[in-house]
Structures are given as C-alpha cells and as structure tokens.
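Q:
Residue numbers (our numbering): 5 to 92.
#1: What does DSSP give as the partner residue(s) for residue 58 in the beta ladder?
#2: Pull up the distance between the alpha-carbon of residue 42 and that of residue 50, whole angstroms please.
#3: Please state if the CB of residue 58 and the CB of residue 78 are separated by a distance shorter than 8 angstroms.
#4: Please name the residue in 62, 88, 74, 13 whose C-alpha comes closest to that of residue 44.
#5: Going along the chain, which residues of its own chain have a beta-carbon closer than 8 angstroms to the beta-carbon of residue 31, five neighbours each way excluded?
#6: Note down the Cα distance separating residue 83 from residue 56, rounded to an integer number of angstroms.
#7: Report the three-state DSSP secondary structure of residue 52 (helix, strand or coil).
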C-alpha cells in the first residue's frame with residue numbers, strides 16, 4: 005500500500021464534525037421550540053374555554069395594553085336582520 009492510500013481523511017473528518025455539530029444544534033433548537041409550542045397550545049386551549057367578550061370591552065383592554073392574542077370576541081350587528089339579502 006502506498007502512503008496515499010493509508011492516510012487519514014482529515015478533510016472528511018472535519019466535514020463530518022461540522023455537520024454533526026450543526027445537526028445537534030438544530031435538534032436542541034427543535035426541543036426548545038417544542039416547549040414553546042406546547043405552552044402556546046395550552047394557552048390557546050385555556051382561552052377557548054373562556055366566554056366571549058364584547059368588541060368594545062376587547063378594544064378597551066387593547067387600549068390599556070392588555071394582550072388580546074386568541075381572545076374570543078362577540079359582535080352584534082342589529083342592522084343585519086333588516087338588511088336585504090338574496091337567499092340561494
């Protein structure tokens with residue numbers, strides 16, 4: 005065998021080490037994202053169980069700086085009952 009055939013593949017080893025470190029970093033990021041996503045889904049489920057609030061109350065809360073993500077809001081439109089419409 006020649007020296008060329010027995011030489012350790014340093015470039016390939018470095019490429020594998022870099023690729024492995026990138027994949028480990030991506031795996032850790034996915035686990036952090038999983039914890040964030042589970043918290044977000046739990047929050048949405050809890051907010052789905054709350055009763056809907058009026059639009060004016062929601063606007064007041066928003067003006068006060070409250071968080072309105074995933075808020076249930078009900079809107080009444082009294083003029084809609086007398087509006088002309090076409091039923092198909």
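Cβ coordinates follow ideal geometry from the N, Cα and C atoms, glycine included.
Since we're looking at a predicted model, the values are computed, not measured.
A: With the structure as the only source:
#1: 78
#2: 12 angstroms
#3: yes
#4: 74
#5: none
#6: 21 angstroms
#7: helix
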